[in-house]
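First the structure, in the form of structure tokens, and then the observations on it.
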Amino acid sequence: MLLRLLVAMCLFSITALGHANTQFRVIVDASGSMNISDPDRLTSESMRLIADLAPEQESSLGVWLFGEQPRVLLPEAPISTDLKSSLKNNLGGYVTEDVQTDLESVLKLMLNTPPAPGIPNDAEQHWILVTDGMVDISLDQEVNDLSRKAILTPILDELIERGIHLHTVSMTGYTDAELLKTLSIKTDASYTEVAVPEDLLSTFNRIFTSANKTDEIPFEDNTFFIDESIDEFTLLVFHDFGKKPKVIAPKGDVLTLEDDQKVNVANGFRYTLVTVEKPTLGTWQVENVNIEKSSIRIVTNLKVEASNLASVLFINEPLFSSIGLYENGELIKDPILLEVLTANQSLIRHMGELSEVVDEKELEQSSFQFKNKIDSLMTEGDYELRSFLDGQSFARKLSQFFTLTPAINLSVDVDYGLTGFSIKPSNLRLNLFRSQVFLEVEYSDGTRFEGELPLIGAGFWQKMVPAKNLDFIARARLKGVTQTGIRFNYVTPTFRHVYSKPVFSDLLTDEDPGAAVTDFIAESREGFAGVENEVKQSLEDRLKFEIDAQELMADVKTSIDEFGDSSKEAVEEVIPEEELNISSNEIILYGVLNALGFALIGAGIWWFRKRKKSQQVSEETDLA
Numbered sequence: 008m009l010l011r012l013l014v015a016m017c018l019f020s021i022t023a024l025g026h027a028n029t030q031f032r033v034i035v036d037a038s039g040s041m042n043i044s045d046p047d048r049l050t051s052e053s054m055r056l057i058a059d060l061a062p063e064q065e066s067s068l069g070v071w072l073f074g075e076q077p078r079v080l081l082p083e084a085p086i087s088t089d090l091k092s093s094l095k096n097n098l099g100g101y102v103t104e105d106v107q108t109d110l111e112s113v114l115k116l117m118l119n120t121p122p123a124p125g126i127p128n129d130a131e132q133h134w135i136l137v138t139d140g141m142v143d144i145s146l147d148q149e150v151n152d153l154s155r156k157a158i159l160t161p162i163l164d165e166l167i168e169r170g171i172h173l174h175t176v177s178m179t180g181y182t183d184a185e186l187l188k189t190l191s192i193k194t195d196a197s198y199t200e201v202a203v204p205e206d207l208l209s210t211f212n213r214i215f216t217s218a219n220k221t222d223e224i225p226f227e228d229n230t231f232f233i234d235e236s237i238d239e240f241t242l243l244v245f246h247d248f249g250k251k252p253k254v255i256a257p258k259g260d261v262l263t264l265e266d267d268q269k270v271n272v273a274n275g276f277r278y279t280l281v282t283v284e285k286p287t288l289g290t291w292q293v294e295n296v297n298i299e300k301s302s303i304r305i306v307t308n309l310k311v312e313a314s315n316l317a318s319v320l321f322i323n324e325p326l327f328s329s330i331g332l333y334e335n336g337e338l339i340k341d342p343i344l345l346e347v348l349t350a351n352q353s354l355i356r357h358m359g360e361l362s363e364v365v366d367e368k369e370l371e372q373s374s375f376q377f378k379n380k381i382d383s384l385m386t387e388g389d390y391e392l393r394s395f396l397d398g399q400s401f402a403r404k405l406s407q408f409f410t411l412t413p414a415i416n417l418s419v420d421v422d423y424g425l426t427g428f429s430i431k432p433s434n435l436r437l438n439l440f441r442s443q444v445f446l447e448v449e450y451s452d453g454t455r456f457e458g459e460l461p462l463i464g465a466g467f468w469q470k471m472v473p474a475k476n477l478d479f480i481a482r483a484r485l486k487g488v489t490q491t492g493i494r495f496n497y498v499t500p501t502f503r504h505v506y507s508k509p510v511f512s513d514l515l516t517d518e519d520p521g522a523a524v525t526d527f528i529a530e531s532r533e534g535f536a537g538v539e540n541e542v543k544q545s546l547e548d549r550l551k552f553e554i555d556a557q558e559l560m561a562d563v564k565t566s567i568d569e570f571g572d573s574s575k576e577a578v579e580e581v582i583p584e585e586e587l588n589i590s591s592n593e594i595i596l597y598g599v600l601n602a603l604g605f606a607l608i609g610a611g612i613w614w615f616r617k618r619k620k621s622q623q624v625s626e627e628t629d630l631a
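At position 189 of the sequence shown (counting the first as 1) the number is 196 in my numbering, and the numbers step up by one without a gap.
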């Protein structure tokens, strides 16, 4: 399985550049809590944005809901005018009131659903999961854990093998972030935590841009310049709810924002998309918009091209970038033009509605291109690398998005007298066969363990050592090599294990041994199923013994009473009182016989109680 996934990933990275078609599938959480997380249905408007941005008939879109049952909200179909109309008129009214979130079932359903007609099987596949919860299909947590495990093993393996990018969007801080991150990072996709619902629009825009590389021109404040090489531009602006933007042409004319022969307009509640064919040359202006989130896509033969940037980079991995100016697909080498050409790059970290410029510099020219190297990045998250080329009479912009993540993760499991250290890769960009992992463990008594770990067949590094009843700290050091041969080092965060002595119930001193046994077994049911049966049988035997003893004592008492009554009757009948004449020797004999009888009865009772106590102590000793 490991080799098959590696081959699938390598083939996908080679062929992805040639894809002309894109499949978009959106998976929306239908639990009742989404009414609070997304009260204005920004998810629906974000789907409309994808449909408005994507080229018709070349891309497809489908929408699924998941809750107690997976269901299709919008069957996947090539993007068209009819599909956009359906999105606009029908999609905002879907119901979110489910009490469970069965993510496993909806992913299985989608994996078994073929692409829409007209979309080839090798189309680039981008799925977007929007949720505010976690796997929740049962009140039994073990059932939920099994479903989560199924998502992270066979389902995730199939997503990777089929080259599906599963972008995940967390709507609250209560989601299973570890699950969502794993799904995204292992499928070369993005994980985004949305601070407010309005951020969904810019998040979907970034996902679309990562799936469809487009040429752009930059804003200069609230203006942009259209040069003679631009055949068409598409202006995407974000604005407040219901507020219309103002677009002003170079000669001062204000666009009516209505469709005509040269202008096509798509309106959302919080975004406006304006496409202009054969635009007027010069400086255009926009008002009433959020410039930072807005963009201008263009159709031109004068493009800026950049070296490929992986969608997932590792912490402390160097970032290499080269950009150049291309005309009709050919790198421009004209020294006169290159003399006036300047290039800049900005590295931006996105944190919900906030953004931070991490690095910004002007690039040096070498071999007709501009090159940049960022030695290391240490903070995981979502990043954007923006490249700018300025030729004085024209300007170009290119955005590339990636996620920064640790290359490996360390987990420790102590069980059955062994301590297991497992180091798993976060993404298959890491070349497992050329990389090395070293484990360092330091115990509280001063002893240490350090050594290289073996790579096992499951596709990760693992070491099993005898468990010690001691505290310890552990970390793993990686000498990493990527699939493209880039070398880097990484050290995991320190794992701290605090040893705790096991607590045992003292059944011998418990006032109610039966209750203590029941509690003990309830806490350790799986490992002590046999003991439970033995204890039940022991208690049943004890109860039976006590019942038999009570019946025996009742029989003895009855026999004594009957013997006394019958003796009295016999004396009264056979020897009338007035005729009774007993000698002193007979009186002594009768007294001795009576004393001997009572002594025998007392000895029997003493023996019975001693036997009962001995058996009870024996049973308690066995239980201990």
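Glycine included, each C-beta is placed from N, C-alpha and C at the ideal position.
Would you mind sorting residue i into buried or exposed? The rule is 16 or more other CB atoms within 10 Å of its CB.
i	result
Lys156	exposed
Lys564	Residue placement at Lys564 is poorly supported in this model, since its pLDDT is 48, which falls under 50; the coordinates still yield a value, given next. Exposed is the call here.
Lys300	buried
Glu457	exposed
Met54	buried
Ile343	exposed
Thr182	buried
Pro121	exposed
Phe240	buried
Met358	exposed
Val150	exposed
Arg436	buried
Ala58	buried
Lys285	exposed
Asp109	buried
Asp382	exposed
Phe248	exposed
Arg403	buried
Asn434	buried
Leu405	buried
Leu72	buried
Ser40	buried
In this structure, does DSSP put residue i in helix, strand or coil?
i	result
Met54	helix
Asp548	In this prediction, Asp548 has a pLDDT of 47, which is less than 50 and means its spatial position is unreliable; what the coordinates show is noted afterwards. In the structure shown, Asp548 sits in a helix (DSSP, three-state: H, G or I).
Ser191	helix
Pro161	helix
Glu65	coil
Val347	helix
Met471	strand
Thr221	coil
Ser394	strand
Val505	coil
Asn271	strand
Ile167	helix
Where do the ends of the beta strand (DSSP E) carrying residue i lie?
i	result
Val498	494 to 498
Asn379	376 to 381
Glu294	289 to 294
Glu239	237 to 245
Lys368	361 to 369
Asp36	29 to 36
Ser92	Run containing Ser92: none in the beta strand (DSSP E); it sits in the alpha helix (DSSP H), 88 to 97.
Glu299	297 to 307
Pop quiz: residue i and residue j are said to be a contact at Cβ under 8 Å. What is the actual Cβ separation, rounded to whole angstroms?
i	j	result
Glu111	Ile158	5 Å
Leu257	Thr290	The displayed chain sequence assigns Pro, not Leu, to residue 257. The Cβ separation is near 6 Å, so the contact holds.
Met178	Ser44	4 Å
Gln352	Leu370	6 Å
Val498	Ser442	Not quite, the Cβ-Cβ distance comes to about 14 Å (not below 8 Å), so this is no contact.
CA-CA distance, residue i and residue j?
i	j	result
Leu136	Ile34	5 Å
Tyr101	Leu80	8 Å
Arg484	Ile192	21 Å
Pro127	Ala481	48 Å
Asp397	Pro124	43 Å
Leu460	Trp468	6 Å
Arg356	Val365	7 Å
Arg78	Gly453	58 Å
Val261	Gln292	9 Å
Ile237	Ala84	31 Å
Phe377	Ser328	8 Å
Could you give the residue range of the alpha helix (DSSP H) that holds residue i?
i	result
Arg213	206 to 218
Ile43	41 to 44
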